[in-house]
Every structure is written in C-alpha cells, then in structure tokens.
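S.K.: Pasting a structure here, questions to come.
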Amino acid sequence: MDIKVVQELKSDREKKEGIPKHVALDLTKGGKLATITLADKHYTLRITKSAKLILTK
638 MDIKVVQELK SDREKKEGIP KHVALDLTKG GKLATITLAD KHYTLRITKS AKLILTK
C-alpha cells in the first residue's frame, strides 16, 4: 500500500470519526513553541528545524 492510499484512508477515517485537525503553526502562532495543558499538566510542543514535532513534559 503506498503512502497516498494510506493518507486517503486516514483522512476518510478522520472525517467519519470527527477527529479534530490542527495546523502546528496555528498552535504556535507562527513560532516554534506552544504549551498544551492536560489535567493540570503542561507540555511543550516544539517544531524542529527539520519540520518535525516534539512533545515534552
């Protein structure tokens, strides 16, 4: 199965399940960092130079 087919299947599943989508640069307001809070714990979302995401506590 090629990448395009997998992406299309994932996209269809997301549409059916109503999974929210977010653009990382929107979360960081165009920067490299964002703070995400879950159950009173704070996590840092970082966009790397190679355009990958890292989530740390």
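Using our numbering, the first residue of the sequence shown is number 638, and each one after it goes up by one. In this text, a Cβ means the ideal position worked out from N, Cα and C, and glycines have one as well.
To the nearest angstrom, how far is it from the Cα of Ile691 to the Cα of Ile673?
M.R.: In the sequence shown, residue 691 corresponds to position 54, counting from 1. In the sequence shown, residue 673 corresponds to position 36, counting from 1. Approximately 12 Å between the Cα atoms of the pair.
S.K.: What is the rounded straight-line gap between the Cα of Gly667 and the Cα of Pro657?
M.R.: The count along the sequence shown starts at 1 and reaches residue 667 at position 30. The count along the sequence shown starts at 1 and reaches residue 657 at position 20. Answer to the nearest angstrom: the Cα atoms are 20 Å apart.
S.K.: Grouping DSSP H, G and I as helix and E and B as strand, with all else coil, what is Lys653?
M.R.: Taking the first residue of the sequence shown as position 1, residue 653 is located at position 16. Reduced to three states, the DSSP call for Lys653 is helix.
S.K.: Considering Ala661, what are the terminal residues of the alpha helix (DSSP H) in which it resides?
M.R.: Here residue 661 refers to the residue found at position 24 of the sequence shown. Its alpha helix (DSSP H) spans residues Ala661 to Leu664.
S.K.: Based on Cα-Cα distance, which residue from Glu654, Arg683 and Gly655 lies nearest to Thr665?
M.R.: Translated into the one-based positions of the sequence shown, residue 665 becomes position 28. Checking every option, the nearest Cα to that of Thr665 belongs to Arg683.
S.K.: Restricting to Cα atoms, I'd like to know which of Lys653, Thr693, Thr681 and Lys669 is closest to Ser687.
M.R.: Taking the first residue of the sequence shown as 1, we reach residue 687 at position 50. For Ser687, the closest alpha carbon among the candidates Lys653, Thr693, Thr681 and Lys669 is that of Lys669.
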